[in-house]
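What follows is a short report on a single structure.
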Amino acid sequence: MARIFTVDASAETADGRWRLRVSDKIIAFHGHLDAWALQF
Numbered sequence: 040m041a042r043i044f045t046v047d048a049s050a051e052t053a054d055g056r057w058r059l060r061v062s063d064k065i066i067a068f069h070g071h072l073d074a075w076a077l078q079f
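Take the position in the sequence shown, starting the count at 1, then add 39; the result is the number in our numbering.
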């Protein structure tokens, strides 16, 4: 499954530490995150 989410972060500075928080709320299925990217 590939998903792209767009967020308007124009009020934020690009410098600094960015974090990605992922939550799996379906108990019956397991998955993993292969990669993620942040593009300005």
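Yeah, the Cβ is synthetic: ideal placement off N, Cα and C, and Gly gets one too.
Beta-carbon within less than 7 Å of residue i's beta-carbon, same chain only, minus the 5 sequence neighbours each way: which residues are those?
i	result
Trp-57	Leu-77
Smallest Cα separation from residue i: which of the options?
i	options	result
Asp-73	Val-61, Ile-66 and Phe-79	Val-61
Phe-79	Asp-47, Leu-59 and His-71	Asp-47
Trp-75	Ile-65, Thr-52 and Leu-59	Leu-59
By Cβ distance, which residues of its chain are closer than 8 Å to residue i, with the 5 residues on each side in sequence left out?
i	result
Asp-63	His-69 and Gly-70
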